[in-house]
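**Q** In the working numbering, the protein residues as written are 413 to 925. Ideal placement from N, C-alpha and C gives every residue a C-beta, glycine not left out. On a predicted model such as this, the values are computed, not experimentally measured, just so you know.
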């Protein structure tokens, strides 16, 4: 190199990695961590019920959690509140449940509901046909009694003085008989879109039992006050606990339900679960604590397009056992008490001790204390349903075995993990969920850099209605070190719209790039 040539390497030894490649990335801080949620333990269900659950999930290519939670709900529907589980004589739990599965649209929820509830609807139709003669006879008897009472009233009204007292007494007696005449309504096992007032009427008409099975979350809108403008959850609280309900309203006969039993099996969009936390009084009055929640991963985009179809033998066995169970218990007017074997009781007692220790202030269940306080009762209910499914012909003649209780505790752990996630999401900053959505997109697409405008266009329609809605998510991701905004380029003298902000992503999102 001559003395007059420029030294191209002068000062290079003083340059740092930051000068060459930009600022060094620090280790990113995880967003509010969401651990991998457990899958529904299908093997905890009795054989015929587990087989139907697994095969329906395979044919429809849906998370097994949806069919699994619905399997518990359909057994609860068949039970119709006619069985209770008594634990050590201390408390008694009816075997009805409220389940809610959160899945985005496009997950074939209706197909799963159709397959899992078909035998119940067939049983309902059979009950209507079987009880038709009874209803016809009762209606005829009521008309005859009313006509006789009207004739007696006319005779008494026109009677001579010496016969007035006798004919009046006859008219009163016949009128009382006509008032007591009751015409049974058609049996109904399943309802869907129903108001709180209509639900109370249904319970009064259906001997205190009804089930709400729906692939939509409209019932939450109704509870929140879609029609009345104010939350109306009283009958839903009592229908889960089995507490007596008495309703007196103007222009309507008084309604009395001694032991209401409502079963709910719902599939809702994930944002519905977040919204129900905002229903006034839902948490304080215990409505949220009564649901068993499930938030499985959607399979959309990863589905097998040539799945195994539901076996006719599996479907027939499921239809026969569930239908026979529903028809048998539909005829009961009194409830039966299920007790526990000593071994089953020991398993539940050990589970209760674990729950109690985890409810302490620093315990893992402290954040969901209202829900977790009902966890042991839910496990007892699930054990009763599993026992009923294991012995559909005579479950009420034998105690709940240790196998059913052990399986119920596994399901209790499953629902606990999902409840922690659901309640965490309800209380989280809205930006958290948005940031998770953006981070997932950047991870799956292995995006090294992007403009805000490009990101907005790449996100699913409706996820972020306006480009400005991305700001809270991007700010949170930048605060946690997952992305960083690049300095804007110098402004030119041409004017016009400023360029869209450009971001870099952490190298961990583009491994091997």
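When we look at the beta-carbon of residue 783 and count the other beta-carbons within 10 Å, is it buried (16 or more) or exposed?
**A** Buried is the call here.
**Q** Within the continuous beta strand (DSSP E) that includes residue 677, where are the two ends?
**A** Element bounds for residue 677: 673-680.
**Q** For residue 752, does the three-state DSSP call read helix, strand or coil?
**A** Strand at residue 752.
**Q** In three-state terms, what does DSSP make of residue 918?
**A** Here residue 918 sits in coil by DSSP.
**Q** Taking the runs of the alpha helix (DSSP H) that are 4 residues or longer, which of them lie wholly in the stretch 837-886?
**A** Runs found: 842-857 and 864-870.
**Q** Please classify residue 691: does DSSP put it in a helix, a strand, or coil?
**A** Reduced to three states, the DSSP call for residue 691 is coil.
**Q** Would you mind giving the Cβ-Cβ distance between residue 513 and residue 478, rounded to the nearest angstrom? I have them listed as a contact below 8 Å.
**A** With 8 Å as the limit, residue 513 and residue 478 qualify as a contact, their Cβ atoms being about 5 Å apart.
**Q** Taking 8 Å as the cut-off, decide whether the C-beta atoms of residue 759 and residue 818 are in contact.
**A** A contact, by the Cβ cut-off of 8 Å.
**Q** With DSSP as the reference, please indicate the residues paired to residue 514 in a beta bridge.
**A** DSSP, once it has assigned bridges, lists 680 as partnering residue 514.
**Q** Distance, Cα to Cα, residue 475 vs residue 517?
**A** Whole-angstrom Cα-Cα distance: 13 Å.
**Q** Alpha carbons only, please: which of 553, 606 and 622 is nearest the one belonging to residue 591?
**A** The shortest Cα separation from residue 591 among 553, 606 and 622 belongs to 553.
**Q** Whole angstroms is fine: what's the gap from residue 926's alpha carbon to residue 809's?
**A** Residue 926 is absent from the model: the chain starts at 413 and stops at 925.
**Q** Give the secondary structure of residue 826 by DSSP, where H, G and I count as helix, E and B as strand, and everything else as coil.
**A** Here residue 826 sits in helix by DSSP.
**Q** If you check the beta carbons only, do residue 797 and residue 488 fall under 8 Å apart?
**A** Contact flag set, yes.
**Q** Using the rule of at least 16 other Cβ atoms within 10 Å of the residue's Cβ for burial, across every protein chain shown, is residue 540 buried or exposed?
**A** Burial call: exposed.
**Q** Looking only at its chain, what residues have a beta carbon closer than 7 Å to the beta carbon of residue 688, apart from the 5 residues adjacent to it on each side?
**A** Same-chain partners within the cutoff: 632, 694 and 700.
**Q** Would you call the stretch 819-833 and the stretch 858-866 in contact, with 3 or more CB pairs under 8 Å?
**A** Output reads no: the stretch 858-866 does not touch the stretch 819-833.
**Q** What residue does the alpha helix (DSSP H) around residue 647 start on, and which one ends it?
**A** Run containing residue 647: 646-653, per the alpha helix (DSSP H) assignment.
**Q** Could you give the residue range of the alpha helix (DSSP H) that holds residue 896?
**A** Premise fails: residue 896 lies in the beta strand (DSSP E), 895-897, not in any alpha helix (DSSP H).
**Q** Three-state secondary structure (DSSP) at residue 770?
**A** It is helical.
**Q** Which whole-angstrom value describes the C-beta separation of residue 707 and residue 672, a residue pair presumed to lie in contact below a C-beta threshold of 8 Å?
**A** 29 Å between Cβ atoms; not a contact.
**Q** From residue 855 to residue 443, what does the alpha carbon distance come to, in whole angstroms?
**A** Whole-angstrom Cα-Cα distance: 14 Å.
**Q** Do residue 600 and residue 536 come within 8 Å of each other at the CB atom, strictly closer than that value?
**A** Yes, Cβ-Cβ distance for residue 536 and residue 600 is below 8 Å.
**Q** So, for residue 729: in the same chain, excluding its five sequence neighbours on each side, which residues have a beta-carbon less than 6 Å away from its beta-carbon?
**A** Hits under 6 Å: 460.
**Q** Beta-carbon within less than 7 Å of residue 521's beta-carbon, same chain only, minus the 5 sequence neighbours each way: which residues are those?
**A** Cβ neighbours of residue 521 beyond the five flanking positions: 478, 515, 627 and 679.
**Q** Hey, out of 556, 792, 697 and 597, whose CA is closest to residue 502's CA?
**A** It is 792.
**Q** Are residue 884 and residue 843 close, meaning C-beta to C-beta below 8 Å?
**A** In contact: residue 884 and residue 843 (Cβ atoms closer than 8 Å).
**Q** Kindly indicate which three-state DSSP category residue 496 falls into: helix, strand or coil?
**A** Residue 496: strand per DSSP, three-state reduction.
**Q** So what's residue 452 in DSSP terms, helix, strand or just coil?
**A** Three-state result, residue 452: coil.
**Q** Taking all protein chains shown into account, decide if residue 879 is buried (16 or more other Cβ within 10 angstroms of its Cβ) or exposed.
**A** Exposed.
**Q** With H, G and I counted as helix, E and B as strand and the rest as coil, what does DSSP make of residue 593?
**A** Coil.
**Q** Output needed for residue 917: all residues of its chain with C-beta closer than 8 Å, excluding positions within five of it in sequence on either side, in chain order.
**A** Excluding sequence neighbours, residue 917 sits near 854, 859, 860, 861, 862, 894 and 895.
**Q** Per DSSP, what kind of secondary structure is residue 714 in: helix, strand or coil?
**A** Coil.
**Q** Ordered along the chain, which non-local residues of its own chain (more than five positions away) have a Cβ less than 7 Å from that of residue 596?
**A** The answer, listed in chain order, is 543, 546, 547 and 550.
**Q** Just tell me which of 922, 468 and 493 has its CA closest to the CA of residue 483.
**A** It is 468 whose Cα lies nearest to the Cα of residue 483.
**Q** Assuming the contact rule is C-beta atoms closer than 8 Å, residue 790 and residue 800 should be a hit. Round their C-beta distance to whole Å, please.
**A** That belief does not hold up - the Cβ atoms of residue 790 and residue 800 are roughly 16 Å apart, past 8 Å.
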